[in-house]
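So the structure is just underneath, and the comments pick up after that.
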Amino acid sequence: MISREEVEHMARLARLRLEETEVESLQDELSRVMEYVGCLRELDLAGVPVTVNAVNVSNIFRPDDEGPCLSREEVFANAPAVERGHFLVPRIG
Amino acid sequence: MTSMPKSRSAGSPTVPEGWEAVMGFEIHVQLSTETKMFCSCPVSFGDQPNTNVCPLCLGYPGTLPAVNERVLEYATKIALALNCEIAPYTIFHRKNYFYPDLPKGYQISQHDLPLGMGGHLDVELEDGTVHRVGITRVHMEDDAAKLVHAGGVEGRIAGADYSMVDFNRSGTPLVEIVSEPDIFAPEQARAFLTQLRNLLEQLDVSDLNMEEGSLRCDANVSMHRPGTPFGIRTELKNMNSFRFLQRGLEAEIQRQADVLERGEEVVQETVHFDPSSGKVSVLRSKGEAHDYRYFPDPDLVPIQLDVAYVEKVRAALPELPAARKERYMRDFGLPAYDAGVLSANRWLALYFERVAGLVEDAKLSANWVMGDFSGYLNAAGLEVEDASIGPETLAELLQLLKEGTLSSKMAKDVFVLMVETGESAKTIVAERGMGQISDTATLEAMVAELVAAHPGPAEEFRQGREKVLGFFVGKIMKETKGQANPQLLNDLLRKALQP
Chain A
6 MISREEVEHM ARLARLRLEE TEVESLQDEL SRVMEYVGCL RELDLAGVPV TVNAVNVSNI
66 FRPDDEGPCL SREEVFANAP AVERGHFLVP RIG
Chain B
673 MTSMPKSRSA GSPTVPEGWE AVMGFEIHVQ LSTETKMFCS CPVSFGDQPN TNVCPLCLGY
733 PGTLPAVNER VLEYATKIAL ALNCEIAPYT IFHRKNYFYP DLPKGYQISQ HDLPLGMGGH
793 LDVELEDGTV HRVGITRVHM EDDAAKLVHA GGVEGRIAGA DYSMVDFNRS GTPLVEIVSE
853 PDIFAPEQAR AFLTQLRNLL EQLDVSDLNM EEGSLRCDAN VSMHRPGTPF GIRTELKNMN
913 SFRFLQRGLE AEIQRQADVL ERGEEVVQET VHFDPSSGKV SVLRSKGEAH DYRYFPDPDL
973 VPIQLDVAYV EKVRAALPEL PAARKERYMR DFGLPAYDAG VLSANRWLAL YFERVAGLVE
1033 DAKLSANWVM GDFSGYLNAA GLEVEDASIG PETLAELLQL LKEGTLSSKM AKDVFVLMVE
1093 TGESAKTIVA ERGMGQISDT ATLEAMVAEL VAAHPGPAEE FRQGREKVLG FFVGKIMKET
1153 KGQANPQLLN DLLRKALQP
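Chains as they are written, first to last, in the working numbering: chain A, 6 to 98; chain B, 673 to 1171.
Listed below in structure tokens is the structure:
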């Protein structure tokens, strides 16, 4: 069972403010997710290397050549607030 | 009763007696590639905000990063220059946290499989001894965007009303160098960082400008009694000069010593040094330990480096300061001090070698490059590469000095005029008639005339009164306005006054 503290810790990391009832329901939901994923433990995976990518390739590089950037208009198209050419964000507390 | 082990900080004037101070560093080097680490936006400093950005460095979903091959090359260069083992298999991890300067919600960094590990840098200390500092790891990561805090006290996060984000820096390639806790005094720290910067400078992979943030240093500092376990450490963040860093370390060491002497405990936290007050203050408490939930970035494939690649990069490494210093001592016969000063800075070294090659007198060239030339740079606040006096121009002056047209004193005056007027040494000497009289026939005639006109003093000299020579030297110098070659004049006078 995922503990209340674990849910609260994850909420803090994700910058989420949870209501009391949400903490409880998430405890339950996350526990079930973990249980589901936990069925992998039934397999003996000793000696199986970690799979980072589904594709078995390495060394994909790009040359150090400049490409096009977005226009200011495009850059700020989704910005809630703009000031002096910057994205404006609320005070960081 | 066993005696207390000797403190490795002993001898440092800034570590209180009976304590051992331990320092380790995290150094971020911004690479001077054309484009960003994972996208093709240009890397630049000082452009209009948010003009060098694309969906990838803005953190839009659906974008796919691809490693800039030059980032790998530069990072490998740095790791090799620091004597690291290059990992044959290295991957990127996501370091997860939320902050407005990080649109992806994670930094792409390296975790347990960094590019380079187990290196070292041999640091020459002021007393001439060599102190080896271990290099734990060298890894690649991308930089965050730049935040400008507005309202409240301008520029400070505390009390700011809001913040503004410029994503031009987002995704700029960084190399992080992590040292072992092998530094035991602020003076050692400064020597280490200065020599590390000199080394990086030779590699030509970064601007290394601390004020513009292309070189950033964080220090971990702790104190303990010699022979006991390490103390709790604090982190001194992001100093913008080595001088301030050294002063910051001194202040933090003193602060921790005071805390410990009072019988209290040091709290693990980040501290900030204020150069104007000379004091350290707590920046923010690490109340909650960081939890970055590192995991391999599935958007990026592993990098597998074969021996051929590593050896190719190694072979292309330039001569590093330590090797260059050796060569200057061996081939030019320079003293260790001169060789050290000239080899430390890449541009100064190139300048010196060019001058020495033209003048064919290494010691003379070294004296001038380290003396008058460096003095002029310091006074004008110039870097070697921006100097108006190029190596050919200085070499011309030194040639005049070497052949005797100018005395040392005159050469110094001509050098000042060269800086002031931008004229060459030859032009100045010709225009102002500043040349030294080194013409034997001219001086010989003057000497003969003078000796004939003063038979009394001449006789005194022949009787053994050496001091009388000064009388004749003074007369000729007066007549020539000090331009007679003193050595030649001396020889000619002695010849003329022979019994």
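Yeah, the Cβ is synthetic: ideal placement off N, Cα and C, and Gly gets one too.
Minimum Cβ-Cβ distance from residue i to chain B less than 9 Å
{"i": "D33(A)", "result": "no"}
{"i": "V38(A)", "result": "no"}
{"i": "V62(A)", "result": "yes"}
{"i": "A19(A)", "result": "yes"}
{"i": "E11(A)", "result": "no"}
{"i": "G72(A)", "result": "yes"}
{"i": "P85(A)", "result": "no"}
{"i": "E47(A)", "result": "no"}
{"i": "G90(A)", "result": "yes"}
{"i": "L23(A)", "result": "no"}
{"i": "I7(A)", "result": "no"}
{"i": "V42(A)", "result": "no"}
{"i": "V53(A)", "result": "no"}
{"i": "L3(A)", "result": "Residue 3(A) falls outside the range modelled here, since chain A spans only 6 to 98, and no answer is possible."}
Cβ neighbour criterion (16 or more within 10 Å) applied to residue i
{"i": "A107(A)", "result": "It is not possible to answer for residue 107(A), since the shown part of chain A is limited to 6 through 98."}
{"i": "P775(B)", "result": "buried"}
{"i": "Q976(B)", "result": "exposed"}
{"i": "E34(A)", "result": "exposed"}
{"i": "R965(B)", "result": "exposed"}
{"i": "T801(B)", "result": "exposed"}
{"i": "C44(A)", "result": "exposed"}
{"i": "H91(A)", "result": "buried"}
{"i": "K958(B)", "result": "Because K958(B) carries a pLDDT of 47, less than 50, the predicted location of this residue cannot be relied on, and no value is offered for it."}
{"i": "H765(B)", "result": "buried"}
{"i": "P858(B)", "result": "buried"}
{"i": "G1142(B)", "result": "exposed"}
{"i": "A980(B)", "result": "exposed"}
{"i": "F967(B)", "result": "exposed"}
{"i": "F902(B)", "result": "exposed"}
Rounded distance between the beta-carbons of residue j and residue i, thought under 8 Å
{"i": "L875(B)", "j": "K997(B)", "result": "Going by Cβ atoms, the distance from L875(B) to K997(B) rounds to 17 Å, so no, they are not a contact pair."}
{"i": "L921(B)", "j": "A863(B)", "result": "No, L921(B) and A863(B) are not in contact; Cβ-Cβ is about 12 Å, not under 8 Å."}
{"i": "L75(A)", "j": "C711(B)", "result": "In fact, because the Cβ distance is near 11 Å, the residues do not count as touching under 8 Å."}
{"i": "T762(B)", "j": "Q782(B)", "result": "7 Å"}
{"i": "L1078(B)", "j": "V1041(B)", "result": "Not really, about 17 Å apart at Cβ, beyond 8 Å."}
{"i": "D815(B)", "j": "S842(B)", "result": "7 Å"}
{"i": "L1115(B)", "j": "L1066(B)", "result": "Not a contact, Cβ separation roughly 28 Å."}
{"i": "V985(B)", "j": "P845(B)", "result": "Actually they do not touch by this definition, with Cβ atoms about 16 Å apart."}
{"i": "Y769(B)", "j": "V94(A)", "result": "Y769(B) to V94(A), Cβ: 15 Å. No contact."}
{"i": "I925(B)", "j": "A682(B)", "result": "Actually they are not in contact, since the Cβ atoms of I925(B) and A682(B) sit about 14 Å apart, beyond 8 Å."}
{"i": "T942(B)", "j": "K909(B)", "result": "6 Å"}
Residue-chain proximity (residue i, chain A), Cβ-Cβ < 9 Å
{"i": "I849(B)", "result": "no"}
{"i": "R841(B)", "result": "no"}
{"i": "A822(B)", "result": "yes"}
{"i": "S835(B)", "result": "yes"}
{"i": "I763(B)", "result": "yes"}
{"i": "D946(B)", "result": "no"}
{"i": "R1257(B)", "result": "What is shown of chain B runs 673 to 1171, which leaves residue 1257(B) out entirely."}
{"i": "N1017(B)", "result": "no"}
{"i": "S679(B)", "result": "no"}
{"i": "R965(B)", "result": "yes"}
{"i": "D879(B)", "result": "no"}
{"i": "N768(B)", "result": "yes"}
{"i": "K958(B)", "result": "Residue placement at K958(B) is flagged as unreliable, the pLDDT there being 47, under the threshold of 50; a coordinate-derived value is accordingly withheld."}
{"i": "P970(B)", "result": "yes"}
{"i": "E706(B)", "result": "yes"}
{"i": "I975(B)", "result": "yes"}
Residue i - partner residues in DSSP beta bridges
{"i": "C889(B)", "result": "I699(B) and M911(B)"}
{"i": "N740(B)", "result": "R67(A)"}
{"i": "G788(B)", "result": "I758(B) and V810(B)"}
{"i": "S781(B)", "result": "H765(B)"}
{"i": "Y1009(B)", "result": "Per DSSP, none; premise fails for Y1009(B)."}
{"i": "F1004(B)", "result": "The partner list for F1004(B) (beta bridge, DSSP) is empty, contrary to what the question assumes."}
{"i": "P1202(B)", "result": "Within the shown structure, residues of chain B are numbered from 673 to 1171, placing residue 1202(B) beyond reach of any answer."}
{"i": "V954(B)", "result": "V943(B)"}
{"i": "F902(B)", "result": "Answer by DSSP bridge pairing: none, since F902(B) is not bridged."}
> Hey, is the segment 744 to 762 of chain B in contact with the segment 779 to 787 of chain B, meaning 3+ C-beta pairs nearer than 8 Å?
Replying inline: yes
> Is there contact between the segment 722 to 742 of chain B and the segment 929 to 949 of chain B, where contact requires at least three CB pairs shorter than 8 Å?
Replying inline: no
>> Across the segment 876 to 890 of chain B and the segment 688 to 708 of chain B, are there enough close Cβ pairs to call them in contact, namely three or more that are closer than 8 Å?
In response: yes
> Is there contact here, the segment 75 to 89 of chain A with the segment 720 to 731 of chain B, by at least three beta-carbon pairs under 8 Å?
Replying inline: yes
> Is the segment 978 to 997 of chain B touching the segment 866 to 881 of chain B, taking contact as three or more C-beta pairs under 8 Å?
Replying inline: yes
>> To be precise: take each residue of the segment 708 to 733 of chain B, compare its Cβ to all Cβ atoms of chain D, and keep it if any distance is under 8 Å. Which residues remain?
In response: Checking the listed chains, one finds no chain D in this structure; the protein chains it contains are A and B.
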